[in-house]
Structure formats: structure tokens, C-alpha cells
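Okay, so here's the structure we're looking at.
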Amino acid sequence: MKPIFLILLIISISACKEQKPAEDLSASVIIDNAIEKAGGKILDTATVSFRFRDRFYRARRDNGLYELERCTDAACKDTLDQLTNSDFKRFINEKQVKLADSLVAGLSGSVNSVHYFSVLPYGLDAEAVQAKKIGVDTINGKTYYEVHVSFAENGGGEDFEDEYMYWFNTENFEVDYLAYNYHVNEGGTRFREAINPRIVNGVRFVDYINYEPETTFPPLEDLDSLFQAGKLKELSRIILEDVQVN
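Numbering-wise (my numbering), the sequence shown opens with residue 452 and increments by one.
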């Protein structure tokens, strides 16, 4: 074997070892990259506000501590729902009102849900998250990592039994599609297509087209194929307006 050929062979083998193929990236690495590129470090200590349908939302975060709010008016003086790490409170005309225990879970869940989806993929690295990479697939000519997410009962919240599938673009780690099975109110399945991506003070936000499959609880990994085949019904659009990050 000629020396020059041997040197080139060694360089080639070394390069192969150093370059990690897309298929070898773990779910946690994919999620970490996605959060970083979407501005996750900014969200760690930011205040985010937006309007969704007829409500006003505001989230204050401070390295794990959070205060998630939903108001019926922009000044938050009429009805304010407030969810923190420790409890849920409702204020009417700036005075706290006592709520029946049966109402607290539903109200806190609805507040948390809107805030959760508004900043995805932020939060997917939480301790209760159980993420598993399913594989790599193609949607409309683009390649995506498929990552399944479930939650541990301890720390997973009221809806810990829900399961999600995220499609991360293999080139930029952006979440262009997601799907989930939920169990509240008899349950169901949704598939969301991200639209209108924009950057607000370093944080990426998207809106969604919300779809429903014809069958109940199909395998989440099949929903991208159903979407491309035109077999999902559009239900609604999730549009965040007046988004601000401070």
C-alpha cells in the first residue's frame, strides 16, 4: 500500500468517526438544539405577552419559576386567572375570589395549555418529559426527526397521560409539525402545522393550523402520512396576536 494512499485512508476514517450522522442524534440532543435555536435561553428570564382570541395572556419566567396569566381585558382588572409553581388563583376586579376545587383543575389546565403551546419547543427538556426518537421521515420534501414525548406521572401535571409527536427539521431543528393524543373531555387526536414563523426579540413564535383525523387515536407517527394524503380535517387556526417579549 502506497504511503499517500494510506494517509488518505486514515484521514477518511477519522472524518467518518467525527461526523455524527443525523440518525445517530439522540432525542435529548435534538430537543436541546431546538430549544436553543428557538431562543430558549431568553425565555428563561423573560416576560411574554400576547392576545389569543378574546383573551390576553402574560407569562413571567425566572429560571424555573413561572407566573402564567390569562385576562379578559388588557389591563387584567376584570377577570385574571393566575397559575404559578405553587397554586392557581382567580381575581375579579383585582380581588381574589374563592373557587371550588372542582373548577381549579380545569381552569389551570386551560391556562397552562395556551402558554405551553405558545413557546414550544421550550419546556420539552423538563424532568418529567420522556422523549424517544422514533426515526427520520419526510414531509413535503423536507426531512424531519420524529420524536415521541410522554410524561412521568410525578411532575407531569394533570394531563400526564397525554402523548405527543414532534417533527424537528433536520437542518435547523425547527418544529414544523406536531401531533398529540389527549384524554380530557372524552379525548381525541390533533395534528398541527406551524405557519407564520417570526422572531420577536430573539424568540421564535409560530401560529398553527389545527387538524383532526377521521379515526380515533391513530398512531401518532402515521399522522404525517395522513396529512400529506389530505386525510385530515381542518378544525381551527391558532393565531397569536400582539406578541411581545421583554
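Beta carbons are placed, not taken as given, at the ideal position from N, Cα and C, and that holds for glycine.
How long is the line joining the alpha carbons of Lys549 and Ile590, rounded to whole angstroms?
Here the question's residue 549 lines up with position 98 in the sequence shown. Here the question's residue 590 lines up with position 139 in the sequence shown. Between Lys549 and Ile590, the alpha-carbon positions lie close to 48 angstroms from each other.
Nearest-angstrom Cα distance between Asp658 and Val651?
Indexing the sequence shown from 1 puts residue 658 at position 207. Indexing the sequence shown from 1 puts residue 651 at position 200. Near 13 angstroms, if we compare the C-alpha coordinates of Val651 and Asp658.
Are at least three pairs of beta-carbons, each pair with one atom in the segment 554-563 and one in the segment 531-541, less than 8 angstroms apart?
Contact between the segment 554-563 and the segment 531-541 is present, because at least three Cβ pairs lie under 8 angstroms.
Among the candidates Asn661, Ile690 and Glu692, whose CA atom is the shortest distance from the CA of Phe678?
Residue mapping note: residue 678 aligns to position 227 of the sequence shown, counting from 1. Cα-wise, what sits closest to Phe678 is Asn661.
Suppose you measure from the CA of Leu575 to the CA of Phe624; what does that come to, to the nearest Å?
Reading the sequence shown from its first residue, position 124 is the one you call residue 575. Reading the sequence shown from its first residue, position 173 is the one you call residue 624. Going from the Cα of Leu575 to the Cα of Phe624 covers about 13 angstroms.
In the structure shown, what three-state DSSP assignment does Asp513 receive?
Taking the sequence shown and counting its residues from 1, the one referred to as residue 513 is at position 62. DSSP places Asp513 in strand when its eight states are reduced to three.
Which residues does DSSP list as the beta-bridge partners of Ile543?
Position 92 of the sequence shown, counting from 1, holds the residue named residue 543. Bridge partners of Ile543: Thr530 and Lys546.
Going by DSSP, what residues sit across from Leu519 in a beta bridge?
For the purposes of this step, residue 519 is identified with residue 68 of the sequence shown, where counting begins at 1. Per DSSP, Ala510 and Leu534.
Excluding the five sequence neighbours on either side, which residues of its own chain have a C-beta within less than 6 angstroms of the C-beta of Ser687, listed in chain order?
Locating residue 687 in the sequence shown gives position 236, where the first residue counts as 1. Cβ within range, chain order: Asn661.
Between the Cα of Gly592 and those of Ser500, Ser676 and Ser477, spot the shortest distance and give me the residue it belongs to.
In the sequence shown, residue 592 corresponds to position 141, counting from 1. Minimum Cα distance to Gly592 is reached at Ser676.
Smallest Cα separation from Tyr508: which of Arg521, Asn544 and Glu622?
On the sequence shown, residue 508 is found 57 positions in, with the first residue counted as 1. It is Arg521 whose Cα lies nearest to the Cα of Tyr508.
Classify Arg512: buried if its beta carbon has 16 or more other beta carbons within 10 angstroms, exposed otherwise.
Taking the first residue of the sequence shown as position 1, residue 512 is located at position 61. Buried, since its Cβ has 16 or more Cβ neighbours within 10 Å.
Is it buried or exposed for Arg643, if we count other Cβ within 10 angstroms and need 16 for buried?
Within the sequence shown, numbered from 1, the residue matching residue 643 stands at position 192. Buried, by the Cβ-count rule.
Tell me where the beta strand (DSSP E) around Asp588 begins and ends.
Here residue 588 refers to the residue found at position 137 of the sequence shown. First-last of the beta strand (DSSP E) with Asp588: Val580 to Ile590.
What does the Cβ neighbour count give for Met646, buried or exposed, with the cut at 16 atoms within 10 Å?
The residue labelled residue 646 in the question sits at position 195 within the sequence shown. It is Ile, not Met, that sits at residue 646 in the sequence shown. Label assigned to Ile646: exposed.
Could you work out which residue in Val635, Gln581 and Phe568 is closest to Val626 when comparing CA atoms only?
Locating residue 626 in the sequence shown gives position 175, where the first residue counts as 1. With distances taken between Cα atoms, Val626 lies closest to Phe568.
Between Val696 and Ala497, which are expected to be in contact by the criterion C-beta below 8 angstroms, what is the C-beta distance as a whole number of angstroms?
Taking the first residue of the sequence shown as position 1, residue 696 is located at position 245. Taking the first residue of the sequence shown as position 1, residue 497 is located at position 46. Contact check for Val696 and Ala497: beta-carbon distance about 5 angstroms, within the 8 angstroms limit, so the pair qualifies.
How many Å lie between Tyr596 and Lys528 at the Cα?
Position 145 of the sequence shown, counted from the start, is the residue given in the question as residue 596. Position 77 of the sequence shown, counted from the start, is the residue given in the question as residue 528. Distance between the alpha carbons of Tyr596 and Lys528: 44 angstroms.
State the beta-bridge partners of Phe602 as determined by DSSP.
Taking the sequence shown and counting its residues from 1, one reaches residue 602 at position 151. The partner list for Phe602 (beta bridge, DSSP) reads Val580.
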